[in-house]
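A.B. asks:
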Amino acid sequence: MKDIFENITEAKDLADVPINLELKVPDEMPKHVPIGDLYNMQASSLDMTKELLLRSAYIKLGMWGFVSWRWILPFKDWIGNRKCLEIMSGRGWLSYALKLQGVDIIATDDFSWHKEQFQEWNNTMTDIINMDAVESVKKYGADVDIVIVSWPTSDDTTYKALKELYKVNPKALFVFIGEFDSYISASNDFFDHFLEIEDKRFEKAADAYQRWVTYKDSLHLGKYSPIGVY
Numbered sequence: 017m018k019d020i021f022e023n024i025t026e027a028k029d030l031a032d033v034p035i036n037l038e039l040k041v042p043d044e045m046p047k048h049v050p051i052g053d054l055y056n057m058q059a060s061s062l063d064m065t066k067e068l069l070l071r072s073a074y075i076k077l078g079m080w081g082f083v084s085w086r087w088i089l090p091f092k093d094w095i096g097n098r099k100c101l102e103i104m105s106g107r108g109w110l111s112y113a114l115k116l117q118g119v120d121i122i123a124t125d126d127f128s129w130h131k132e133q134f135q136e137w138n139n140t141m142t143d144i145i146n147m148d149a150v151e152s153v154k155k156y157g158a159d160v161d162i163v164i165v166s167w168p169t170s171d172d173t174t175y176k177a178l179k180e181l182y183k184v185n186p187k188a189l190f191v192f193i194g195e196f197d198s199y200i201s202a203s204n205d206f207f208d209h210f211l212e213i214e215d216k217r218f219e220k221a222a223d224a225y226q227r228w229v230t231y232k233d234s235l236h237l238g239k240y241s242p243i244g245v246y
């Protein structure tokens with residue numbers, strides 16, 4: 017991906033650079049700060065600003081959780097021919113990318129929180145069924161193998177969806193993408209009852225996932241634990 021900030025050496029000039037992004041899945045995240053320390057405190061403020069400006073531009077396009085072929089391809093390989101349900105799909109980038117790779121996936125969202133804030137998101141990338149997360153699991157959970165959520169809201173909705181999946185289909189897997197054990201995605205009840213599962217093929221996709229500077233989002237595979245995780 018071409019570096020649109022290639023010739024910028026001072027922060028005051030960043031505001032003059034137009035960020036025009038295509039409506040297509042990129043090969044990888046346009047990183048300016050290498051992933052190392054979670055907060056990359058050794059990075060220059062200029063590089064951090066470049067990266068955060070790009071993050072804002074991609075969020076405007078609907079990519080709250082960054083979707084790129086770098087991790088989607090190994091994720092698709094891990095999914096195989098299993099059926100998937102994505103809840104809280106937003107604009108639908110994740111389901112869109114997976115469908116392009118032949119994955120059988122249903123995308124749902126109730127459009128409750130981004131309808132006014134992000135008007136562009138109403139023009140979805142793929143067909144999205146207007147349905148909230150818990151109702152989606154009630155309706156489709158018994159017929160799918162994997163439920164996926166990316167950057168969910170910080171209330172108890174994700175916990176309720178996880179618990180409902182265990183009720184309707186205890187063999188199904190749950191993929192969480194977001195900041196794990198954090199107040200900004202999902203709730204304490206979710207993290208207290210999300211039992212992580214080790215899977216080397218899944219970890220290939222998780223290792224390929226990229227996050228923006230200052231953020232800690234990652235991929236996690238698990239199931240509901242009735243007794244909690246201690």
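Residue 157 in my numbering sits at position 141 of the sequence shown, with consecutive numbering throughout. Quick reminder that beta carbons are idealized off the backbone N, C-alpha and C, glycines included.
1. Can you look up N36 in the DSSP assignment and give me helix, strand or coil?
2. Taking its Cβ as the centre, do 16 or more other Cβ atoms sit within 10 Å of S111, making it buried, or is it exposed?
3. Which full runs of the beta strand (DSSP E) of 3+ residues lie inside the region 78–159, going along the chain?
4. If contacts are defined as beta-carbon pairs under 8 Å, then F190 and D197 qualify, I think. What distance do you get, rounded to the angstrom?
5. One question on the structure: do V160 and A188 come within less than 8 Å of each other, judged by their Cβ atoms?
6. What is the DSSP secondary structure of S170, reduced to helix, strand or coil?
7. Using DSSP with H/G/I as helix, E/B as strand and the rest coil, what is H48?
8. Thinking I162 and R217 are a contact (beta carbons under 8 Å), I'd like their distance in whole angstroms, please.
9. Pick from S84, D148 and E180: whose alpha carbon is nearest that of P242?
10. Spatial neighbours of D233 within its chain, please: CB distance less than 6 Å, with the 5 preceding and 5 following residues excluded, ordered by chain position.
11. Can you give the Cα-Cα distance for K155 and D143, rounded to whole angstroms?
12. Please state the DSSP three-state secondary structure of E67.
13. Assess contact between the region 80–95 and the region 112–129, defined as three or more Cβ pairs (one per stretch) separated by less than 8 Å. Is contact present?
14. Identify which residue in A222, K40, L69 and G106 has its Cα closest to the Cα of D32.
C.D. replies: Answer, in terms of the structure:
1. Coil, per DSSP.
2. buried
3. As far as the region 78–159 is concerned, its whole beta strand (DSSP E) runs of at least 3 residues are 100–103 and 121–125.
4. The Cβ separation is near 15 Å, so there is no contact.
5. yes
6. coil
7. In the three-state scheme derived from DSSP, where H, G and I count as helix and E and B as strand, H48 is classed as coil.
8. Wrong, their Cβ atoms sit about 13 Å apart, outside the cutoff.
9. E180
10. G194, E195 and R227
11. 17 Å
12. helix
13. yes
14. L69
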